[in-house]
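Asks: Numbering (the working numbering), first residue to last: 38 to 159.
Every residue, glycine too, gets a C-beta built ideally from N, C-alpha and C.
If you're wondering where the values come from, they're calculated on a predicted model, not measured in any experiment.
#1: Comparing alpha-carbon positions, which option in 50, 116, 135 and 92 lies nearest residue 72?
#2: Please classify residue 77 as buried or exposed, where buried requires at least 16 other C-beta atoms within 10 Å of its C-beta.
#3: Are the beta-carbon atoms belonging to residue 80 and residue 128 less than 8 Å from one another?
#4: Just the C-alpha distance for residue 62 and residue 112, rounded to the nearest angstrom, thanks.
#5: Three or more beta-carbon pairs under 8 Å between the stretch 89 to 96 and the stretch 117 to 135, yes or no?
#6: Looking only at its chain, what residues have a beta carbon closer than 6 Å to the beta carbon of residue 100, apart from the 5 residues adjacent to it on each side?
#7: Just grab the DSSP bridge partners of residue 101 for me.
#8: If you run the structure through DSSP and keep just helix, strand and coil, what is residue 125?
#9: Going by C-alpha distance, which of 110, 135 and 145 is nearest residue 56?
#10: Quickly, what does DSSP pair residue 156 with across the bridge? List them, please.
#11: From residue 74 to residue 146, what distance separates their C-alpha atoms?
#12: Using the Cβ count rule (16 or more neighbours within 10 Å means buried), how would you classify residue 141?
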């Protein structure tokens, strides 16, 4: 089974926050503390309907979760456009950022990795 890696905007996703804080289940975030931007809008939510299932899947697969800044998501989106010709939504790079951030902290084994990126036609 592949390891599931989740990524989202800093402190704006109950699944990622529960994982990072080692909480047993997801807890709702305070809606007033969530600030939506053009970049993070697809990622954020104060409540996750099936969050506990996602949290369990991350843990059961020995995966992890991490946060990404708007600046970093924009940078990765631009890099993928310039280097690979992929027009991806900046928010969709959050999981890739989480994967690569982990690799910088501790080298991941040489293997195959899949990042799901979403975009739009240009």
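Replies: Reading off the structure:
#1: Among 50, 116, 135 and 92, the Cα nearest to that of residue 72 belongs to 50.
#2: That one is buried.
#3: Yes.
#4: The straight-line gap from Cα to Cα measures roughly 32 Å.
#5: Verdict: no, contact absent.
#6: Excluding residues within five positions, the ones whose Cβ falls inside 6 Å are 40, 41 and 42.
#7: Within the DSSP secondary-structure output, residue 101 pairs in a beta bridge with 42.
#8: Residue 125: strand per DSSP, three-state reduction.
#9: The residue with the shortest Cα to Cα distance from residue 56 is 135.
#10: Here residue 156 is bridged, per DSSP, to 125.
#11: Whole-angstrom Cα-Cα distance: 35 Å.
#12: Looking at its Cβ environment, which holds fewer than 16 other Cβ atoms inside 10 Å, residue 141 is exposed.
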